[in-house]
Structures are given as C-alpha cells and as structure tokens.
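See structure below.
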Amino acid sequence: METRHTNNNLCYSFLLYFLVALLLVSSCSSSNSIGVRCIESERKQLVDFKEGLIDRFRSLSSWVGLDCCKWQGVSCDNQTGHVLVLDLENYALGGTLKPSLLHLKYLTYLNLAQNSFLETQIPKFLGMLNNLRYLNLHGSGFSGEIPSHLGNLSHLQSLNLSYNFGLRAQSLVWLSGLASLESLDLGTVNLRDVGGSWSKAVNMLPSLASLYLYHCGLTSLDLTLSSLNLTSLEVLNLFGNSIKSPIPHWFSNLTNLQVLNLRANNFFGTIPFWIGNFCKLRVLRLNSNGYLHGGIVGFLDRLSACRKNSLEILHLGGNKLDGILPESLGAFKNLDLNTNFFWGSIPASIGNLSSLWLLELSDNNLNGTIPNSFGKLVELSTLALVGNYMEGVLTETHLANLSRFSFRLTTYRNRSLVFNVNHDWVPPFRLTTLVLINCMVGPSFPLWLQVQTRLSYVIVSNAGISDTIEEEWFARLFSNAWTVDLSNNLIIAKLPPKLHSDVLDEVDLSRNRFEGRIPLWLTNATHVYLQRNSFSGSVPNNIGELMPQLQTLFISRNQISGRLPSSICKMEELKFLYVSHNRFFGPFPDCWNKLRSLKLMDASNNSLSGEIPSSLTSSCQLVVLMLGDNSLRGNIPFPLNSCRQVQRLYVLQLRSNLLEGNIPEQFCHLSNIHSLDLSNNNLIGSIPKCFHNFTALKYGNATLDYEFFFELQDKTIGEQTMVVETKGMELEFSRTFLEVKNIDLSRNNLTGHIPPSLSSLTLLNHLKLSYNNLSGRIPTGNQLQTLNDSSNYEGNPFLCGVPLSTTCPGDTISPPTPSSGDGDSKDKLWLYLSIAMGFIAGFLGVCGTLVLKESWRHAYFRYVDELKENMLLWIALAAARSLVALELCGLWVDGVLVRGGVKDVGDGFSGRWLVESGSDGSGEFKVKGSWVCVVSSWSFLSSGVDKPPYLGELSVRRRHYCRCRVMPSVAAPAQGFGKP
Numbered sequence: 000m001e002t003r004h005t006n007n008n009l010c011y012s013f014l015l016y017f018l019v020a021l022l023l024v025s026s027c028s029s030s031n032s033i034g035v036r037c038i039e040s041e042r043k044q045l046v047d048f049k050e051g052l053i054d055r056f057r058s059l060s061s062w063v064g065l066d067c068c069k070w071q072g073v074s075c076d077n078q079t080g081h082v083l084v085l086d087l088e089n090y091a092l093g094g095t096l097k098p099s100l101l102h103l104k105y106l107t108y109l110n111l112a113q114n115s116f117l118e119t120q121i122p123k124f125l126g127m128l129n130n131l132r133y134l135n136l137h138g139s140g141f142s143g144e145i146p147s148h149l150g151n152l153s154h155l156q157s158l159n160l161s162y163n164f165g166l167r168a169q170s171l172v173w174l175s176g177l178a179s180l181e182s183l184d185l186g187t188v189n190l191r192d193v194g195g196s197w198s199k200a201v202n203m204l205p206s207l208a209s210l211y212l213y214h215c216g217l218t219s220l221d222l223t224l225s226s227l228n229l230t231s232l233e234v235l236n237l238f239g240n241s242i243k244s245p246i247p248h249w250f251s252n253l254t255n256l257q258v259l260n261l262r263a264n265n266f267f268g269t270i271p272f273w274i275g276n277f278c279k280l281r282v283l284r285l286n287s288n289g290y291l292h293g294g295i296v297g298f299l300d301r302l303s304a305c306r307k308n309s310l311e312i313l314h315l316g317g318n319k320l321d322g323i324l325p326e327s328l329g330a331f332k333n334l335d336l337n338t339n340f341f342w343g344s345i346p347a348s349i350g351n352l353s354s355l356w357l358l359e360l361s362d363n364n365l366n367g368t369i370p371n372s373f374g375k376l377v378e379l380s381t382l383a384l385v386g387n388y389m390e391g392v393l394t395e396t397h398l399a400n401l402s403r404f405s406f407r408l409t410t411y412r413n414r415s416l417v418f419n420v421n422h423d424w425v426p427p428f429r430l431t432t433l434v435l436i437n438c439m440v441g442p443s444f445p446l447w448l449q450v451q452t453r454l455s456y457v458i459v460s461n462a463g464i465s466d467t468i469e470e471e472w473f474a475r476l477f478s479n480a481w482t483v484d485l486s487n488n489l490i491i492a493k494l495p496p497k498l499h500s501d502v503l504d505e506v507d508l509s510r511n512r513f514e515g516r517i518p519l520w521l522t523n524a525t526h527v528y529l530q531r532n533s534f535s536g537s538v539p540n541n542i543g544e545l546m547p548q549l550q551t552l553f554i555s556r557n558q559i560s561g562r563l564p565s566s567i568c569k570m571e572e573l574k575f576l577y578v579s580h581n582r583f584f585g586p587f588p589d590c591w592n593k594l595r596s597l598k599l600m601d602a603s604n605n606s607l608s609g610e611i612p613s614s615l616t617s618s619c620q621l622v623v624l625m626l627g628d629n630s631l632r633g634n635i636p637f638p639l640n641s642c643r644q645v646q647r648l649y650v651l652q653l654r655s656n657l658l659e660g661n662i663p664e665q666f667c668h669l670s671n672i673h674s675l676d677l678s679n680n681n682l683i684g685s686i687p688k689c690f691h692n693f694t695a696l697k698y699g700n701a702t703l704d705y706e707f708f709f710e711l712q713d714k715t716i717g718e719q720t721m722v723v724e725t726k727g728m729e730l731e732f733s734r735t736f737l738e739v740k741n742i743d744l745s746r747n748n749l750t751g752h753i754p755p756s757l758s759s760l761t762l763l764n765h766l767k768l769s770y771n772n773l774s775g776r777i778p779t780g781n782q783l784q785t786l787n788d789s790s791n792y793e794g795n796p797f798l799c800g801v802p803l804s805t806t807c808p809g810d811t812i813s814p815p816t817p818s819s820g821d822g823d824s825k826d827k828l829w830l831y832l833s834i835a836m837g838f839i840a841g842f843l844g845v846c847g848t849l850v851l852k853e854s855w856r857h858a859y860f861r862y863v864d865e866l867k868e869n870m871l872l873w874i875a876l877a878a879a880r881s882l883v884a885l886e887l888c889g890l891w892v893d894g895v896l897v898r899g900g901v902k903d904v905g906d907g908f909s910g911r912w913l914v915e916s917g918s919d920g921s922g923e924f925k926v927k928g929s930w931v932c933v934v935s936s937w938s939f940l941s942s943g944v945d946k947p948p949y950l951g952e953l954s955v956r957r958r959h960y961c962r963c964r965v966m967p968s969v970a971a972p973a974q975g976f977g978k979p
C-alpha cells in the first residue's frame, strides 16, 4: 500500500514538472513572437509602397498579414522590429516607386536590382533615406539624369547603378558627399559629358575600395592629381571606354590594387615599369587597346621580385607589344598575349606554371619548337598558338599529361610542325575544341584523333592526312560538333547516307577525295563547303527541307549530275550558291524570286539547258551571276523594273551558251557592273549606245553596298574563278576576279558601229569585240587608246582604223618628202661630227697636258693610286659589313634555320642578306616588328670559296621593302653565316 502511494506521488510530480515546462516554453515563444513583430506604421507604408508597383508574377504574394517581418524580401531588427532590409532583386517588378519608403527610418539596405522600371527616373527621395548603407538599382531600366540628391547619403557604403542603359550624368560632383562609400558601380551609365573630371570626383572618396566605370563613354582622364585619396582602392575597372591617354603616373600610388582592368580603350605608350610594384595585383587586363607597345620583361621581372607575387590573370592581347617572352612567368593561371608582335621561342620555364589553365599566344611572331615542359601543365584546359611560326616535332611527351585541354595550333610555315606520336597511342584527353592548321598530322589518320568523341569545334586543315576514314567516325562527329573543317587534305571517305544534327552550323570538307552521294543531311547548318571532291550522284530533291537555314552552299568541281532541285528555293536565307564545274543538266528551276538574300550564283561549266528564268535575273540583291559554258537558249531576260533600288549586279558572265536576240537595253541600268561577258553566243543587233552609264567603269563604285565583299570570306572568294580572253590568250582570275573590269561581246553576230561612248569607260581593263559583224571606224580617244591590241577587233571584216591594218575610206598616208629626208641626214651628220670633235678636244686637253708637264703627271698618278687604295678599303669594309647577323631575322644555311640573337647597333644594312648554296632558294624570314621577308630573287656574289654564298633580294608582304637593323657579325665564317 505504501509502495503504491509512493508511485502515485512520483506520477503527480512528473506531471506537474511537465506542465510547468510547457507553460515556460509557451511563454518564451509568445514573448519572442511579440518581440520580432514589425511596427504597424511601417507595415502600412510597405503596403502603400506595394500598391505603386506592378507585380506581374505575384512575386509579392506573401505581403499579407500583420507581421511584415515575415514577408518575402523584408528583414527586421530582432530587438526593435524596425524594417532594416528591403531586398526585391529579380522580382520582375515595374510601376512607380512611391515615397512611402521615407517612413522606413531605419532602412539600411535597399536592393531593387533586375526589375523593370522602364523609362523611369531614379526618385529624388531616395537621397533622403539617411540611414541607407547599401543601394542597388542594377539593371532595372531606370533612365534620365542621376539625381544629385543621392549625394546626401553620407552613410552609404555601396552604390550600384550599372546596366541602366538610359541613365546619364553630366556631373559627378555629388559623389563628394558620399564620404563612407566603399564600392561604386556606374557601369554603362552615360558619362560622356563628364569628361576627364571623373577622376577628380572619385578622388574625393577616401574609403573607396572598388570602382567600376565600364562602358561609360569616357574619353579622357586627368593625367595629374594634386593629391591622391584613393590609397584604399583595390579594384579599378575602366573596361570598354574610349580613353585616349598614356597610363597616368598617379596610378603608381594605387599600391593596394588587386584588379586593374583597362581593357578595350585607346591607351598608348609603353606599359609602365611601376606596375611591377603592385605586389597585391591578382588581375591585370590591358588587352584590346591597340596602341600599347614595347616589351613586358621589365614590369614582369619586378613582379617576380615581390615576396609574394599574386598575379594570376594577365591579358595583354590586341596591342603592339613586342620582344621576347620572359623566362620568369610568375604563377599565372590565365595568360593571354594574343595578337601582338612577340617573337622568339616559348621559354621552357612555362612548365613551372602548374596552375595554368589558359594559354593564349595566337597571332604573334613566335617561332622555334614547343618545349617538352608543356607536358607538366596538368591543369591546362585551353591552349591557343594559332598564327605563329612554330616548328619542330610534337611527341607524346608534350601531350601525355594534358587530360582536360582544348587545342588550337596553326603555323604560317606549311607543315613545319609535325605530330610524331605512335599511331596506336591513346591520349588521356578527350578534346572539345581542336584546331590544327598547316601542321603535319598525317599521312595516316591517327588513333588519338579517332578516339575524340566529344569534339564540338574541330578544324584539321592542311594537315597532310591522306588516309581512309570510316563512315562511323563522321556519324559520331557530326552528331556533336557545331563546326567541322577538314579541308585541304587528301582524305578518302564516304559520308553516311543519312546525317542528323541539331547543333551543326558549319561544315568544310573541301579539297579532299570524298566520294559517293551527298547525304540526306537533316541539320540547321548555315555554311556547307564540299567543293573540289569526287562527290557523284544527284543533289537530294528535298535539300531545301533538310537544310532550311543554309546561307552558303559550295558543291562546285565535283562529279554531281542530275537536275538542280527546285527545293533549293526553300532555303530563304541562301546568299552564296556555287554549283559550277559539275554535270548538271536540264532547265533551271524558276523560283529564284523567293531567295531575297541571294547575292552570288555560279552555275557555270555544266550542261544546263533551256531558258534563263526571269526570276533569277530579277533578284535585286544579286551581285555576281555566272552561267557561262552551258547550253542555255533564248533571249536574255532582264526585268529590272521589279527592283526599287539601284541594281547591284557587279559581275554578269553568260559566255559560251546558245543565247539569242538583242542585248537588252535594260543593261544601261547596271551602273555597278564591273565585268560583262556575253561572248560566244548568237546575239544579234547593235551594241547599246548607253554603255557609258556603267559608272563603276568610269568612277569606281560610289553606290555599291560593300557588305557583300565583307561576307566573302577567304574560303569563299578563293573558289571563284573568271576567264578573260585577251591578246589571244585566256587568263583565269581567282582571288582577284572582283578587280577585273571587262567587257567581252566577242564571237556573236552583232552589227552596226562601235559606240564612241565606250571611250568614256576610263577604268576598263579589257575590251573584246572580235568576230562579229561590226562596221565603221573604231572609235579613238581616252581609254580606247590604251586598249589597242588588234585581236580585240579582228574578225569584223567591215571595221577599219587603228589598231587594225585596214584603213577607212578617206584616210591618206602622206609619204615623206625628199627635202625633209635630206635635212634629217644633214642634221645627223653634224651631230656625229660635233661629238667626235668634242671627244678629241677633251682627250688632248687632259692627256696632252700630262705628257708635256712631268710634275703634273706624277701628282695625277699618285692621286689615282690613293683613290684605288681607298676604294679597296671601302670594298673590304662593305664586304665585312655584309656579313651580318640580322636581328629578329632568320636564314637557311645548309637546310638549317639559323636565328640571330644579337643587339642592333645601327641601321647599316637594308634589304639583303647572304644565304648559303644549301638553301632551298626561298622562304619567309621574320624581321623587326611584324614584317615577314620573303626571298624573291637571287644573284651570284663571288666570294672566292668552294661553296659560293648567294645574295638574296628581300621583298616584304604588303609590297613594302624590308629593312632590318643589323651589326657586323663577330668572327663570321668565310663562306657565310654560322650558327650563333
């Protein structure tokens, strides 16, 4: 009984303790809930603020109830309940900012970034939020003038007004009131009217640590500041302005800088050495200025002397910097020196950059071999050495440890860089980007390329591959890649009959040995180059449905037959169509008026028949139309009335067809025509008298839109050819065909006189009117006087006058009169007598005096002896000076490239060097700066040795003469240059 009573007491005690604890927890929870509840007056102001907003996506749907501290984007003080933070970034809000915010007296943080207050000015009342520490209006569509009232925010530490593209400021004087500001971002704000005074304005902010003024339209800065207050500055970003200035010296006092971005401006001069004092610098971007020059060794050596060199990202591309790369390269992770004039070899110390993940050295003058230390760059993900002069051999040692990189490597010297890896070597990397141009990869198709299954961008051009590649590899490649260029090889392959790709954009398989039919290619590709292969069969009838986005189609110089499918006209974006030198037959489809962007059509050298459809010649954008060497019949259609603007046709070539009828009078509207070839047809009638309206052949192209020529890339324009007959020969123009100014109407049945107006075409290079039935006198004057080859007019039996031997009726030839002939003979006789008498008098006057006067004779011969000795001495010095080492130049000696590394001491030598007989007689040699010297001709120079050197005449690209700074070679071998 006692035990039972004791157990009941314990149960009662436990229950009592539990109830007390529950009451305490409830009391605390209620107390806390009451403590953080927002102030009612502030809640009402937030509701009023919301009413001015346009909330399209109900982002503020949580703004209901009595406790505003629980609303999304609102934060309160845990003790007082006052609203401290209003963070509405990326809520897609619009409408009006109401001044209700002024009643949030304790608001310190206001973020309205990434909203849509389009064409709304920044409210002036924001400058009255006195406790504000953070204000972010980034990318919210504000426009108009920045209110100077923001300068009243004396406690503000961060201000971001960037990416409001309609925002502007005429003055930044108001910044002086922001004494506590640490971060200022005015990126893309229009500060053009501020001028160079911006630097003085920001200099009034002693606490500023980050300054972003990118894309602000700035054009200048103050080169001198009386006193610098920006000693705390860590980030300075002036990217994308137009500041034309040397890098100002007052920057040298910004010793706390960690990021300096002056990219894409017009800074000029050298990179100051004092940048090497910025030991805390992590990022330096001076790329795309274009005018910075000089070397980089100086400031990089200074940075290397820092106890801790922090520089990780260095971008100096797109300038005129030159010199060698320094041996000491710090600890870079990202190094971009592209598009400069750096020369010499890549230092072996590059292998010490164990954290390097990007190396961009494209478009410089680098030469030599790639060091084996490349194999140590295990973090390397992007390597770009495009457009240099690399040579030597790449082995597995260079590539074995590179497990994650993308590879871009080209050389201007044809296949001077050789990949020498085992055919069965399987690399550790799976590339996404591969660019190899002019590098020797073949002749076999190596396994290390076959196993690349992740390629999205691949260019392996002129790589010497002459192997057979299986269809399966192409199927895998085209399913993932968006650019494929295997041009200029001798690849033997057939493409899969069906290919599907959602990402493919450009394909270039030109100049190979591909066989079989053009595949059924379901893709959105825009450029396809298949020319100069052995494709056969017909073009798919539904090619327009398969490739509706196509802009360029090159299938010329194959063995393709059949008809041109009308579905081509469904490629509404098509601009360039090359189908020449194939076996197409049958009529043209008549649907070309649907191709409103068509600019170039070349269907020459086929067996096309029927009439030229009027829809083709009525294309207003057409610039080049070439249908020659076919079997086209009928009249030349030319309904120009459908074109509202000036006809743009630049080249019209219809030669060697069966065309009939007259030359259309509408040709007179072709003001931009450069080349008109209607030769070898059956045209009749007279030559239109209005050819003088070809203003491009008189004054050049004043009205032609040159967008067309910029769109003609190298691979496009290099395939176009034009045949011009002159002086009995047929000349074929390729890359320069757009420069040909030609009219050829020969081998037709034209009658009547040659219009005198042709003489006004002062820029005409070639005129061919032979083998017609033209009659009358050949016009003279102006340009026709220079086109005086008789073959231009032969075969017209009724033509007369110069340059033909046939004289026109009424022309007389006046024979010379005897009196005039006698007069000429007497004049010549007296001339010869005068010359002889003068010579005798001069000879006796000098030599006779020396014979008669002995002292004069001795003095004369002493002078001759001294002159001879001086000349021999001068020749010896000149010969010694000819044995020179060209700075930055190279030469071939017995088949080995020798480069000089000496310093220049003068300008003494220009345009010549000595080359051993072991040279192959040609080659390109780098010279100071960006010039490339090419040995173009040779002349013998006797040196009295067994293997005579040769004297090479140098010429330079861009048709300038090459000038190298030189110094006499020390202990140069007798028979030419030695290796340094």
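Residue numbering for the sequence shown follows numbering that gives the first Met the number 0, beginning at 0 and increasing consecutively. Virtual Cβ for every residue (Gly too), placed ideally from N, Cα, C.
Of G561, Q782, L324 and L222, the smallest CA-CA separation from N540 is found for G561. For G800, DSSP assigns no beta-bridge partner whatsoever.
Per the coordinates, the alpha-carbon of R595 lies some 58 Å from the alpha-carbon of M127. Here the alpha carbons of G660 and F575 stand approximately 29 Å from one another. Judged by DSSP secondary structure, Y792 falls outside any alpha helix (DSSP H); it is assigned neither H nor E. Between L384 and P445, the alpha-carbon positions lie close to 21 Å from each other.
Around the beta carbon of I53, fewer than 16 other beta carbons sit within 10 angstroms, so the residue counts as exposed.
In the three-state reduction of the DSSP assignment, W829 falls in the helix class. Looking from the CA of D676, the closest CA among N692, N656 and E664 belongs to N656.
Rounded to whole angstroms, the separation of the alpha carbons of R429 and L59 is 48 Å. Contact between the stretch 194 to 201 and the stretch 138 to 149 is absent, with fewer than three C-beta pairs closer than 8 Å.
Fully enclosed beta strand (DSSP E) runs of no fewer than 3 residues occupy 234 to 236, 258 to 260, 267 to 269, 282 to 284, 290 to 293 and 312 to 314 of the stretch 231 to 316, in order along the chain. Per the coordinates, the alpha-carbon of L552 lies some 41 Å from the alpha-carbon of N772. Cβ contact annotation for R36 (same chain, cutoff 8 Å, sequence separation greater than five): L65, D66, C68 and G80, in chain order. Assignment of M570 by DSSP, reduced to helix, strand and coil, places it in the coil class. For L773, the enclosing beta strand (DSSP E) has its first and last residue at N772 to R776. At least 8 Å separates the beta-carbon of K688 from that of P778. Going by beta carbons, L365 and S348 fall outside the 8 Å limit.
When secondary structure is reduced to three states using DSSP, N692 falls in the helix class. Beyond the five residues adjoining it in sequence on each side, G51 comes within less than 6 Å, by CB distance, of G94, T95 and K97 in the same chain, given in chain order. The C-alpha of V863 lies about 10 Å from the C-alpha of H857.
Look at A875 here: in three-state DSSP terms it is helix. For E39, the enclosing alpha helix (DSSP H) begins and ends at E39 to E50. In this structure K375 is not in contact with S354, their Cβ atoms being roughly 11 Å apart against a cut-off of 8 Å. For H397, the enclosing alpha helix (DSSP H) stretches over residues E395 to L398. Between the stretch 296 to 308 and the stretch 236 to 256 there are fewer than three inter-stretch CB-CB distances shorter than 8 Å, so the stretches are not counted as touching. In the DSSP assignment, R167 falls within the beta strand (DSSP E) that extends over G165 to R167. Taken through DSSP and simplified to helix, strand or coil, E181 comes out as coil. Within the same chain, P687, C689, F690 and N692 come within 8 Å of C667 by CB-CB distance, once the 5 residues on both sides are set aside. Secondary-structure assignment with DSSP links R647 through no beta bridge to anything. Assigned with DSSP and collapsed to three states, L631 falls in strand. Residues V296 and L299 of the same chain have their beta carbon placed closer than 6 Å to that of P325, with the five preceding and five following residues left out of the count.
At the C-beta level, S630 and W591 stay beyond 8 Å of one another. Rounded to whole angstroms, the separation of the alpha carbons of L545 and E572 is 14 Å. Spanning the alpha carbons of L416 and L435 requires a straight line of approximately 10 Å.
Among the bridge pairs identified by DSSP, S74 is matched with V84.
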